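Protein sequences, first through last, are from chains A and B. Under my numbering, the first residue of the first sequence is numbered 286, with each subsequent residue one higher. Under my numbering, the first residue of the second sequence is numbered -15, with each subsequent residue one higher. Glycine included, each C-beta is placed from N, C-alpha and C at the ideal position. These numbers were taken from a predicted model, which means no experiment stands behind them.
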Amino acid sequence: DAKTTQPTSMDCAEGRAANLPCNHSTISGNEYVYWYRQIHSQGPQYIIHGLKNNETNEMASLIITEDRKSSTLILPHATLRDTAVYYCIVRVAGSTYTGTASKLTFGTGTRLQVTL
Amino acid sequence: DAGITQSPRHKVTETGTPVTLRCHQTENHRYMYWYRQDPGHGLRLIHYSYGVKDTDKGEVSDGYSVSRSKTEDFLLTLESATSSQTSVYFCAIHGGMNTEAFFGQGTRLTVV
């Protein structure tokens, strides 16, 4: 899997958009970009994923650059409840895998603090 | 919510004793994972499974073993618990590489 690089921490004012960057300069053409977040000590929660095109769901938007070497997760109107650690990971596309290809590893993520 | 349950949720044990944590799923997902998380750290992969009886080591597997004799259960065993294994342990399940992973609520293990 391609390695990702994220800032250690970020701040955002409540009500403003939170833009969380992720660098994945060694990404392969068949690798998806996934975002998860972990609120306090809960289990991580899936947010969104994409391959090439920008994606949007009820939680967030994912913007992937044309060269796919970086992406940005956008929380359009951050609230205090969005304070969490956000993880960006890349995963090879496909339906089934065996062995080391099925590993799912996380980096250290970005700690987003939303303030009043 | 995905059907994934970790047990126990909390455990205190003494150094040198064996401990088994259980991850149970009702989603029939093929892939299962055990992670540990320590203060100030991200999730570190201990072991993972890509099918019944198919398991492999993650990045921090020393001192841990796993077993998966049926699809729904993935057991993590600390053969002889040490204080360095005090941590929060998370289990995750994954149905396929183009889908999202779901995580359990975590097990807080304290080794005294």
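Alpha carbon to alpha carbon, how far is Lys(-5)(B) from Asn339(A)? Give it in angstroms, no decimals. Rounded to whole angstroms, the separation of the alpha carbons of Lys(-5)(B) and Asn339(A) is 43 Å.
Taking 7 Å as the CB-CB limit, is Gly328(A) close to chain B? Contact of Gly328(A) with chain B is assigned, a C-beta pair being separated by under 7 Å.
Cβ of Gly335(A) less than 7 Å from any chain B Cβ? Judged by the 7 Å Cβ criterion, Gly335(A) is not in contact with chain B.
Gln327(A) by DSSP, collapsed to three states: which one? If DSSP states are grouped into helix, strand and coil, Gln327(A) belongs with coil.
Cβ shell of Thr(-3)(B) (< 6 Å), same chain only, five flanking positions each side left out: Around Thr(-3)(B): Val3, Ala65 and Val95.
Please list, in chain order, all residues of the same chain as Tyr34(B) whose beta carbon is under 6 Å from its beta carbon, the five residues on each side excluded. A distance below 6 Å between beta-carbons, with the five flanking residues on each side excluded, links Tyr34(B) to the following residues of its chain, in chain order: Tyr15.
Is Thr350(A) buried or exposed, if buried means 16 or more other CB atoms sit within 10 Å of its CB? Looking at its Cβ environment, which holds fewer than 16 other Cβ atoms inside 10 Å, Thr350(A) is exposed.
Bounding residues of the beta strand (DSSP E) (the contiguous stretch that carries Gln89(B)): Careful: Gln89(B) lies outside any beta strand (DSSP E) and carries neither H nor E.
Cα-Cα separation between Tyr331(A) and Gly(-13)(B), rounded to whole angstroms: If you take the alpha carbons of Tyr331(A) and Gly(-13)(B), they lie about 15 Å apart.
Residues bridged to His31(B) by DSSP? When beta bridges are read from the DSSP output, His31(B) appears opposite Trp18(B) and Lys41(B).
Endpoints, the beta strand (DSSP E) within which Asn304(A) is located: Membership of Asn304(A) in the beta strand (DSSP E) is indicated by the continuous run Ala303 to Asn308.
Using a C-beta to C-beta distance shorter than 9 Å, which residues of chain A count as neighbours of His31(B)? Neighbours of His31(B) in chain A, taken as residues at a C-beta separation under 9 Å, are lacking, since the least C-beta distance is about 10 Å.
In angstroms with no decimal places, state the Cα-to-Cα distance between Asp352(A) and Ser53(B). The C-alpha of Ser53(B) is placed about 43 Å away from the C-alpha of Asp352(A).
One or two residues paired with Gly335(A) in a DSSP bridge: BP columns for Gly335(A) point to Val318(A).
So the beta strand (DSSP E) Lys354(A) belongs to, where does it begin and stop? Note, Lys354(A): premise wrong, no beta strand (DSSP E); not H, not E.
Would you call the segment 392 to 399 of chain A and the segment 40 to 54 of chain B touching, i.e. three or more CB-CB distances under 8 Å? Not touching, per the Cβ criterion.
Name the DSSP bridge partner or partners of Tyr372(A)? In the DSSP output, where bridge partners are listed per residue, Tyr372(A) has Tyr321(A).
What are the partner residues of Phe58(B), as DSSP defines its beta bridges? For Phe58(B), which the question treats as bridged, DSSP gives the partners Cys7(B).
With a CB to CB cut of under 6 Å and the five nearest residues on each side skipped, what residues in its chain are close to Arg6(B)? These residues qualify, in order along the chain: Ser(-9) and Leu59.
What is the C-beta distance between Tyr371(A) and Phe391(A), in whole angstroms, given that I count them as a contact (C-beta under 8 Å)? Actually they are not in contact, since the Cβ atoms of Tyr371(A) and Phe391(A) sit about 11 Å apart, beyond 8 Å.
Minimum C-alpha distance to Ser355(A) - residue among Val377(A), Leu347(A) and Ala369(A): Per the Cα distances, Leu347(A).
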